[in-house]
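S.K.: Before I ask anything, let me first share the structure, which is written out below as structure tokens.
Residue numbers (this note's numbering): 804 to 989.
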């Protein structure tokens with residue numbers, strides 16, 4: 804195997820990130836196993852309530868468990884403190900835009916979480932074309948369908964929703980291609 808400086812550097816960067824990844828996975832695993840919600844590491848409680856209200860409109864709890872029950876806000880908090888730490892400013896600025904739009908649309912309101920369901924939907928329609936909303940929507944889907952070890956998908960809610968079975972090993976179905984290598988010998 805030929806060693807190059809580029810290969811060596813990429814391996815060093817990968818090794819350096821392993822500790823952060825392992826710490827993030829351990830924290831998220833402990834949070835999922837705990838009956839009490841974990842403390843937020845990046846989000847303040849007021850912002851977490853606002854994000855939870857918005858994500859609960861993206862994946863509502865109407866026909867079954869939604870974003871709130873799946874703990875999406877904990878996934879987002881975990882992402883912003885680990886692998887997506889570079890997006891903290893995007894969240895800060897995006898939530899400021901959401902709050903500004905809320906204040907314009909509903910001047911007597913105090914928070915997104917305090918708005919009625921219909922008002923929350925109107926607010927989301929007003930901000931849905933922003934880059935921040937696209938980021939929040941993407942994180943919401945990741946949190947719903949990702950591995951619960953990352954802080955979301957509590958009780959495998961997202962996986963149950965799509966019928967995903969979490970098995971450690973998958974076996975291909977038997978079929979015409981499974982001839983034990985005999986076809987090549989004919």
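Even for Gly, the Cβ is constructed at its ideal location relative to N, Cα and C.
Write down the C-beta distance between residue 912 and residue 853 rounded to the nearest angstrom, noting that I regard them as a contact closer than 8 Å.
M.R.: Actually they are not in contact, since the Cβ atoms of residue 912 and residue 853 sit about 12 Å apart, beyond 8 Å.
S.K.: How about the region 850 to 865 and the region 919 to 932: do they share at least three Cβ pairs that are nearer than 8 Å?
M.R.: Touching, per the Cβ criterion.
S.K.: Put residue 941 into one of helix, strand or coil per three-state DSSP.
M.R.: Residue state, collapsed to three classes: helix.
S.K.: Residue 870 and residue 943: beta carbons closer than 7 Å?
M.R.: Yes. Within cutoff.
S.K.: Tell me the DSSP secondary structure of residue 931 in three-state form.
M.R.: Three-state DSSP puts residue 931 in coil, outside helix and strand.
S.K.: Which residue's Cα is closest to the Cα of residue 1011: 967, 963 and 956?
M.R.: Because the chain here runs from 804 to 989, residue 1011 falls outside it and cannot be looked at.
S.K.: Helix, strand or coil: how does DSSP classify residue 890 here?
M.R.: Here residue 890 sits in helix by DSSP.
S.K.: Would you say residue 898 and residue 845 are within 7 Å of each other, going by their C-beta atoms?
M.R.: Cβ atoms of residue 898 and residue 845: not closer than 7 Å.
S.K.: Check whether the Cβ atoms of residue 966 and residue 947 sit closer than 7 Å, and answer yes or no.
M.R.: No, these two residues do not count as a Cβ contact at 7 Å.
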